[in-house]
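Notes to accompany the following structure.
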Amino acid sequence: MCGIVGYIGKNPAVPVLLNGLKKLEYRGYDSAGVAVIDGGKLVLNRSVGKLHMLEGKINGYVHNGTIGIGHTRWATHGRPSDNNSHPHTDCTGKIAAVHNGIIENYLELKEWLEKEGHVFSSETDTEVLPHLVEQFYQGDLFEAVKQMTAKLRGSYATVVLAEDNPDTLVAARKDNPLIVGIGDGEYFFASDIPAVISYTRKIIVLEDGEIAVLTREGVTIYQDGRQVEKEIQTITWDTKAAEKGGYPHFMIKEICEQPRALRDTLSGRIAPDYSGVDLKEFNLTTEDVKKFRKVAIVACGTAYHAGIVGKYAMEKMLRLPVEVDIASEFRYRDPLIDSDTLVVIISQSGETADTLAALRLAKEKDARVVAITNVVGSSIAREADHVIYTWAGPEIAVASTKAYITQLIGIYLLTLFLGKHLGTIKPDEVSQILHYIYRLPNQAQEVLDTLNEQLDRMATVFKKWEDTFFVGRGLDYAVAMEGSLKLKEISYVHAEAYAAGELKHGTLALIVKDVPVLALCTQDDVFEKTVSNIKEIKAREAHVIGVAFQGNKEIHKVVDEVVYIPETLPLLAPVLTVIPLQMLAYYAAAHRNCDVDQPRNLAKSVTVE
Ligand code: M6R
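Under numbering that gives the first Met the number 0, the residues of the sequence shown are numbered 0 to 608, in order.
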């Protein structure tokens, strides 16, 4: 999501910046821009669209400036446009900044800066950055950036360039990656290694809270105002691997990005006192909410599985009937919806043909439509009445991972928002759920850090079989569906998901000695029932792997092996239980030498019926 490049050295900056940005294209973007100091003046070029559009704009003018910053933007605050593209500048046009992340308190800062006389020209959160630097600038760019960061809430990697400082670039980071590249008489900032690897293999990874200053002589890094010594790492990957950040496939990279994706999706949406959710973009009133008689969730594939989690969560907390439909079914079954129905459309791409058609049908029937989508300005985002964006960043692997997990967050936030208006969730319950939601990014990281080896080993069991089973009850069943889809779509191992209580109505006939069965057991209220089903499976000598919370003292007695996940509320368990299932599918596919990122017959965005 978004790419940053900064350069200071002996060569013209523009080609270096463009080349670096091209290497970051895999991150996804919808506009691009560069700023350089040329002939003592800060010169800006920006364009909506791909990098060739920006190159077209620059074409014919050779910039000789040897210092500059560049950016590819993946729209979050404000649609993709020339004007919303980075770099953004201050009132004088002499200070420019590029930024990745989300400035949560930008509206507050903007209001303050406007009172101080600053004039804004874009819809972005980023534009507050150059104006803040302008506000604090008294000849020392480092000091001004330091004061700027003290004002910010949210996440950022930012690089600032100022006309009055033609030999200095200053960068800061918090919760967003940024590296320094150390070349021979030239220095770089970049959001990822591929941008610099053709110039240097020596890098420094900046940590949260650090501010780095690049001059023509070298790099100095500060933490809390004090200079710090940093280790210089030498990159040994080849350039192709570098695009995947050193990971062998985009899918595993995206699985590992999930803690960050969760953090970004939650960013600014939980009230500081945990009293409620803040969906700024969402202007439904209590009166609107009280009109709804039912909820209809419509989506395809993985997004549909997120919708099933939504049904369980919403019916429990809102006490409203919730239907979940596959979009291609919904659109042809003349659904019973009207102006008293809230239709929730879920789509990563925002362009899936059936889902878009379902949205249009819902609008024809006067339903109120909320979209949960990952792509700003997509057709679904544009046509819905309200949008909750998931800030997963671009998902490149066909198999959806970080999009799913952030869709779940979108659903929980929407449910809490509606529940508060309807009065069906008590304030202390809202606060408790939000406290647990807030912990999810760190817990997701814990899952990634602790279960990797175990799942890699387990995948060797699953990869050998032609048929495998995923079972669970309630929310566990919803996640079982997603786990089985992951396994089959990328490893081509047949996997079926069953509501655990349903097995004996037919499928138990397929349970034979050693067949792998993954049993999810996180739902307290049906735990004993699930254990009974596991016993039925074990009686047929299947190999059962349980997924349960760390504190569960019973599960190991009934299964062959347990995958333990950190404790959370059963309601939120899907966010954590799906991660081992994604990893299991990934490793099974990798061990079977499958084309993990582009499985046969499948496309990332299904824009045909
Ligand atoms: O872009 P969408 O979320 O609308 O896509 C819907 C499905 O095609 C998608 O979720 C698909 O099932 C996944 N890529 C599978 O991992």
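All C-beta atoms, glycine included, are put in the ideal place defined by N, C-alpha and C.
Please read these numbers as outputs of a predicted model, since none were measured by experiment.
Exercise for the section: Could you spell out where the alpha helix (DSSP H) holding residue 475 opens and where it closes? Expected result: 474-490
Exercise for the section: Would you grab the beta carbon distance between residue 374 and residue 596 for me? Rounded to a whole angstrom, and I think it's under 8 angstroms. Expected result: Incorrect: roughly 19 angstroms between the Cβ atoms, too far for contact.
Handout entry: DSSP state of residue 164 mapped onto helix, strand, coil
Key = coil
Exercise for the section: Return the chain-ordered list of same chain residues with a C-beta closer than 6 angstroms to the C-beta of residue 290, the five sequence neighbours on each side being excluded. Expected result: 339
Problem - Nearest-angstrom beta carbon gap, residue 90 and residue 133 [assumed within contact, 8 angstroms] - result: That pair is a contact at about 6 angstroms.
Problem - Inter-stretch contact at 8 angstroms, needing at least 3 Cβ pairs: the region 309-324 / the region 278-285 - result: Because the criterion of three Cβ pairs below 8 angstroms is not met, the region 309-324 and the region 278-285 do not touch.
Handout entry: Where the alpha helix (DSSP H) through residue 288 begins and ends
Key = 285-290
Exercise for the section: State the DSSP-derived secondary structure class of residue 549, mapped to helix, strand or coil. Expected result: coil
Practice task
Return yes when the Cβ of residue 5 is within less than 7 angstroms of the Cβ of residue 20, no when it is not.
Solution key: no
Handout entry: Close beta carbons around residue 512, own chain, < 7 angstroms, minus the five adjacent residues each side
Key = 540
Exercise for the section: Can you grab the Cα-Cα spacing for the pair residue 69 / residue 161, in whole Å? Expected result: Residue 69 and residue 161: Cα-Cα distance of roughly 14 angstroms.
Problem - Strand pairing of residue 613, partner residues [DSSP] - result: Outside the shown range of the chain, which is 0 to 608, sits residue 613, and nothing can be said about it.
Problem - Same chain, Cβ closer than 6 angstroms to residue 198, five either side skipped, listed in chain order - result: 182
Handout entry: Of the listed residues 192, 151, 207, 408, nearest to residue 306 (C-alpha basis)
Key = 408
Problem - Endpoints, the beta strand (DSSP E) within which residue 295 is located - result: Run containing residue 295: 293-298, per the beta strand (DSSP E) assignment.
Problem - Short Cβ contact (7 angstroms threshold) for residue 336 with residue 297 - result: no
Handout entry: Buried or exposed by the 16-neighbour rule on C-beta atoms within 10 Å, applied to residue 231
Key = exposed
Problem - DSSP three-state assignment for residue 429, whether helix, strand or coil - result: helix
Exercise for the section: Please confirm whether any heavy atom of ligand 1 lies closer than 6 angstroms to the CB of residue 477. Expected result: no
Practice task
Locate the beta strand (DSSP E) running through residue 576, then write down its first and last residues.
Solution key: It is not in any beta strand (DSSP E) - residue 576 instead sits in the alpha helix (DSSP H) that spans 572-590.
Problem - Buried/exposed call for residue 441, threshold 16 Cβ in 10 Å - result: exposed
Practice task
Using only the heavy atoms of ligand 1, determine whether one of them is closer than 6 angstroms to the beta carbon of residue 302.
Solution key: yes
Handout entry: Closest by C-alpha distance to residue 172, when choosing among 187, 155, 179, 163
Key = 155
Handout entry: the region 419-434 in contact with the region 536-555 per 3-pair CB rule at 8 angstroms
Key = The region 419-434 makes no contact with the region 536-555, as fewer than three CB pairs between them are under 8 angstroms.
Practice task
For residue 605, verify whether its CB is less than 6 angstroms away from any heavy atom of ligand 1.
Solution key: yes
Handout entry: CB of residue 342 within 7 angstroms of CB of residue 368, strictly
Key = yes
Handout entry: Cβ pair residue 8, residue 35 closer than 7 angstroms
Key = no
Practice task
With DSSP as the reference, please indicate the residues paired to residue 40 in a beta bridge.
Solution key: 37, per the DSSP bridge assignment.
Exercise for the section: With a threshold of 6 angstroms, establish whether the CB of residue 405 neighbours any heavy atom of ligand 1. Expected result: Flag unset: Cβ of residue 405 not near ligand 1.
Exercise for the section: Return helix, strand or coil for residue 529, following the three-state DSSP convention. Expected result: helix
Practice task
Check whether the Cβ atoms of residue 508 and residue 469 sit closer than 7 angstroms, and answer yes or no.
Solution key: no
Exercise for the section: Counting only the same chain and skipping the five closest in sequence on each side, list residues whose C-beta sits under 6 angstroms from that of residue 140. Expected result: 161, 164, 167, 169
Problem - Inside the region 309-353 only - alpha helix (DSSP H) runs reaching at least 4 residues - result: For the region 309-353, whole alpha helix (DSSP H) runs of length 4 or above, ordered along the chain, are 326-329.
Problem - Residue(s) in a DSSP beta bridge with residue 213 - result: 168, 218
Handout entry: Same chain, Cβ closer than 6 angstroms to residue 229, five either side skipped, listed in chain order
Key = 203, 220, listed in sequence order.
Exercise for the section: Have a look at the DSSP bridge pairing and note the partners of residue 370. Expected result: Within the DSSP bridge table, the entry for residue 370 names 344, 386 as partners.
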